[in-house]
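Going down the list, the sequences are from chains A and B. Mapped onto this note's numbering, the consecutive letters of the first sequence carry residue numbers 476 to 809. Mapped onto this note's numbering, the consecutive letters of the second sequence carry residue numbers 476 to 809. Comments concern the structure below.
2 protein chains.
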Amino acid sequence: MKKVILTGERPTGPLHIGHYFGSLINRVKLQNEYETFIMSADMQALTDNFENPKKIQDNVFETILDNLAVGIDPKKSTLFIQSQIPELTELFNYYLNLVTVSRLERNPTIKTEIAQKGFEESVPAGFLCYPVSQTADITAFKAEVVPVGDDQLPILEQANEIVRRFNRIYKTDCLKECQAYLSNVTRLVGTDGNAKMSKSLGNTIYIKDTPDVIKQKVMSMYTDPNHIKVEDPGKVEGNTVFTYLDIFDTNKNELGELKNQYKKGGLGDVKLKRRLVDLIIAKLEPFQKVRNEYSNNMDEVYKIVKIGNEKARNIASQTLKEVREAIGLNYFDK
Amino acid sequence: MKKVILTGERPTGPLHIGHYFGSLINRVKLQNEYETFIMSADMQALTDNFENPKKIQDNVFETILDNLAVGIDPKKSTLFIQSQIPELTELFNYYLNLVTVSRLERNPTIKTEIAQKGFEESVPAGFLCYPVSQTADITAFKAEVVPVGDDQLPILEQANEIVRRFNRIYKTDCLKECQAYLSNVTRLVGTDGNAKMSKSLGNTIYIKDTPDVIKQKVMSMYTDPNHIKVEDPGKVEGNTVFTYLDIFDTNKNELGELKNQYKKGGLGDVKLKRRLVDLIIAKLEPFQKVRNEYSNNMDEVYKIVKIGNEKARNIASQTLKEVREAIGLNYFDK
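Here it is in structure tokens:
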């Protein structure tokens, strides 16, 4: 029997090429080896976007389309939406008793995020508790493997702590511990050279971006600020265009020659950027073809997600039943 | 249309005469004036009894029987069990985003309870958040009135804060603010004279206590420690037996005479206690008759609660539907 993997994302914006190289590319491979569940974490997204629910609404199906675009196969993967699986909220409720407030406050991932988001003294309780909600997500599907970045490891530690505590207190083995799937992911810098590509920094290239948009974004990329005239020698290291070419250009010989030429001088940024534009468009073109097919047939997408929701609910219901039995809340079906 | 009232208790032990004079006596009256929902708060009880779920299991139907015993009429009141209404956990989840951790930590009721329970640095997250869970309970049934002691007022303030914030952020009026129903309740001291009657102090007389048990408990009551011989003059104030007689003895003339006699000397504790024993037995006898009828016919009790659960679920589902629509999570039924 295949092991279960749970993955997904917060639907706070369309997915970009940073997501693609950082996780989607792996996800597409993993669906062949694992029983794959892909969750659109809309409720989790609400924990720090509760004042802007429209952002979540607008992006749930956008991100699902992005998943389908890059090669997620609904026959292999179960695509579902967190808020459509109410069993998760009940599990969350029981798990909340098994973790202390101070333990949640010491979680390094959460501490960092609280600082980043500038919550200061106004941390929403839902946000502080989201690792417990993630524990519900993971355990509901008995996921044994969860792909994460190493900054997310404390979340899985927290989940496994709750699992062990639950199983011990309620004398059961119905919950499973999970393992992190850490892969050598490529962290793609933003088009402005910033270490992080993110919607809020406006330095993204979306999977769905049209050729015109891609061209405009690449053409405005920074290169080497001292490379002013074509004949000036230029730097390759830290040059965003070359960072991107390293990822998109499969012709490593030609790319090596271009680098040499750039360093010596005599290669203009515009020529380089055109090359990159063509490569990105070529890479995204097959994704966008699939994406367009789906987005022109949203009934099919709704059907895929409804089937996914139903499958996810069935499994989560079964886990919830075991959890309720272990606690002893099955008053009527003894 | 009758206003909705939500009340109930944590099923952590059978109900005693302190509960009767403190709340049940009112509850029985209120069911004639209000659309009454009585919740067995088993999930709330788990927040500080999660390591002892058996205690909750054992007492859910005990406390429901106690309610029926004292005159709760299933035709007038909806009796239901919190954990059987999963919609409450989903509401709880959404409301958690609308309150900050520091706001929860400042709640005076919770602060006092945390100190009383000796949680210190190990406050379970579920416990800190239980006022948010209560907000879910109250709003799910659109309760306008909640009977509470004045020590519980901060919980209702918290609930109304969440209601206002939800309605403002999500541009809706689907949630209703509630009012406290503060009544002049009689706080019955324990059989040991302690201000609080509680199971953990072992100073209770349960509604279901048999005549023998009542006799044994009353006979071991403290009176006036200086009233040793029958002919000694004794104190009436602070004398637990008289405190109880003030409540149970409807013949105020005779009671007045007994007090005078006691003060002068010449009235023995045993005679007094026998009078009290008879009065308590007489008071509880009709309750116990009803209780026995129900407990000999548990199928009927299960039926009452199943009907109550179903009614409660229908109403909570409707509220949840409105809440989900307001947030915008109704992706499929637009």
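In this text, a Cβ means the ideal position worked out from N, Cα and C, and glycines have one as well.
Exercise for the section: Could you round the C-beta distance between B/THR715 and B/THR666 to whole angstroms and report it? I think they count as a contact, below 8 Å. Expected result: Their Cβ separation, rounded to whole angstroms, is 7 Å, which keeps B/THR715 and B/THR666 in contact under 8 Å.
Problem - For A/MET476, the nearest candidate out of A/THR718, A/GLU632, A/GLU510 and A/GLY709 (CA to CA) - result: Comparing Cα positions, the closest option is A/GLU510.
Exercise for the section: Please list, in chain order, all residues of the same chain as B/VAL598 whose beta carbon is under 6 Å from its beta carbon, the five residues on each side excluded. Expected result: Here the set comprises ILE589.
Practice task
Please name the residues in the segment 555-568 of chain B whose beta-carbon is closer than 8 Å to at least one beta-carbon of chain A, in chain order.
Solution key: So the list reads ILE556, SER558, GLN559, PRO561, GLU562, THR564, GLU565, PHE567 and ASN568, given in the order they occur along the chain.
Practice task
In the DSSP assignment, find the unbroken beta strand (DSSP E) run with A/GLY483 in it and report its ends.
Solution key: Counting along the chain, the beta strand (DSSP E) containing A/GLY483 begins and ends at 479-484.
Exercise for the section: For A/ARG799, decide whether its Cβ has a neighbour in chain B, counting only Cβ atoms nearer than 9 Å. Expected result: At least one C-beta of chain B is nearer than 9 Å to the C-beta of A/ARG799.
Exercise for the section: Could you give the DSSP three-state label for B/GLU510: helix, strand or coil? Expected result: It is a strand residue.
Exercise for the section: Could you check what DSSP says for A/ILE680 in three-state terms: helix, strand or coil? Expected result: A/ILE680: coil per DSSP, three-state reduction.
Exercise for the section: Find the nearest neighbour of B/LEU521 within the set B/ILE547, B/GLY497, B/PHE602 and B/ASP699, judged by alpha-carbon distance. Expected result: Its Cα nearest to that of B/LEU521, the residue B/PHE602 stands out among B/ILE547, B/GLY497, B/PHE602 and B/ASP699.
Handout entry: chain B contacts made by the segment 587-613 of chain A, where a contact means CB separation under 9 Å
Key = Only PHE594, GLU596, SER597, VAL598, PRO599, ALA600, GLY601, PHE602, LEU603, CYS604, VAL607 and SER608 from the segment 587-613 of chain A bring a Cβ to less than 9 Å from some Cβ of chain B.
Practice task
Flag this pair as yes or no: are the beta carbons of A/ALA618 and A/VAL479 separated by less than 9 Å?
Solution key: A contact, by the Cβ cut-off of 9 Å.
Problem - Nearest-angstrom Cα separation, counted from B/ARG578 out to B/ASN771 - result: About 47 Å.
Practice task
State the Cα-Cα distance for the pair B/SER608 and A/LYS727, rounded to the nearest angstrom.
Solution key: The C-alpha of B/SER608 lies about 59 Å from the C-alpha of A/LYS727.
Handout entry: Beta-bridge pairing of B/HIS702 - partner residues as DSSP gives them
Key = B/HIS702 is not bridged to any residue.
Problem - C-alpha gap between B/CYS653 and B/ARG750, whole angstroms - result: For B/CYS653 and B/ARG750, the distance between alpha carbons rounds to 43 Å.
Exercise for the section: Please report how far the alpha carbon of B/LEU566 lies from the alpha carbon of B/THR794, in whole angstroms. Expected result: In a straight line, the C-alpha of B/LEU566 is about 9 Å away from that of B/THR794.
Practice task
Mind checking who B/VAL752 pairs with in its DSSP beta bridge?
Solution key: For B/VAL752, DSSP records no beta bridge to any residue.
Handout entry: Below-9 Å beta-carbon distance, B/VAL806 vs any chain A residue
Key = Residue identity check: residue 806 of chain B is Tyr in the sequence provided, not Val. Yes, its Cβ sits closer than 9 Å to a Cβ of chain A.
Practice task
Would you list, in chain order, the members of the segment 622-634 of chain A that have their beta-carbon closer than 9 Å to a beta-carbon of chain B?
Solution key: Within the segment 622-634 of chain A, no residue has its Cβ closer than 9 Å to any Cβ of chain B.
Practice task
Please classify B/MET672: is it buried, with 16 or more other beta-carbons within 10 angstroms of its beta-carbon, or exposed?
Solution key: So B/MET672 counts as buried.
Practice task
Indicate whether at least one CB of chain B lies closer than 9 Å to the CB of A/MET518.
Solution key: A/MET518 counts as touching chain B.
Exercise for the section: Give the range of the alpha helix (DSSP H) segment to which B/PHE567 is assigned. Expected result: For B/PHE567, the uninterrupted alpha helix (DSSP H) run begins and ends at 562-571, by DSSP.
Practice task
Measure the CB-CB distance between B/PHE807 and A/LYS529 and report whether it falls below 9 Å.
Solution key: No. Outside cutoff.
Practice task
Buried or exposed for B/ILE560, please, with buried defined as at least 16 other CB atoms from any protein chain shown within 10 angstroms of its CB.
Solution key: Around the beta carbon of B/ILE560, 16 or more other beta carbons lie within 10 angstroms, which makes this residue buried.
Practice task
State the beta-bridge partners of A/GLN654 as determined by DSSP.
Solution key: According to DSSP, which records beta bridges pairwise, A/GLN654 is partnered with A/VAL620.
Exercise for the section: Might you give, ordered along the chain, the residues of its own chain that have their beta carbon closer than 7 Å to the beta carbon of A/LEU481, omitting 5 neighbours on each side? Expected result: Counting only Cβ-Cβ distances below 7 Å, and skipping sequence neighbours, we find PHE512, MET514, ASP612, ILE613, PHE616, ALA618 and VAL621.
Exercise for the section: Go ahead and label B/GLN591 buried or exposed: buried means 16 or more other beta carbons lie within 10 angstroms of its beta carbon, across all protein chains shown. Expected result: Classification for B/GLN591: exposed.
Handout entry: Closer than 9 Å to chain B by CB, A/PRO761
Key = Not an interface residue.
Practice task
Quick one: using the 10 Å Cβ neighbour count with 16 as the cut-off for buried, is A/GLY483 buried or exposed?
Solution key: It counts as buried.
Problem - Selected residue, minimal CA-CA separation from B/VAL711, among B/GLY740, B/ILE689, B/GLN691 and B/LYS683 - result: Cα-wise, what sits closest to B/VAL711 is B/GLY740.
Handout entry: Proximity of A/VAL545 and A/VAL574 at Cβ, strictly below 9 Å
Key = No, the pair does not count as a contact, with Cβ atoms beyond the cut-off.
Handout entry: Strand pairing of B/SER552, partner residues [DSSP]
Key = DSSP lists B/THR511 as partners of B/SER552.
Problem - Cβ of B/LYS758 within 9 Å of any chain A Cβ - result: No, B/LYS758 lies away from the interface with chain A (no Cβ there is under 9 Å from its Cβ).
Handout entry: As assigned by DSSP and simplified to three states, the class of A/PRO708
Key = Residue state, collapsed to three classes: coil.
Exercise for the section: Within 10 angstroms of the Cβ of B/LYS746, are there 16 or more other Cβ atoms? Answer buried if so, exposed if not. Expected result: Here B/LYS746 is exposed: its Cβ has fewer than 16 other Cβ atoms, across all protein chains shown, within 10 Å.
Problem - chain A contact residues for B/LYS781, given Cβ-Cβ distances below 9 Å - result: Per Cβ cutoff of 9 Å: PHE807.
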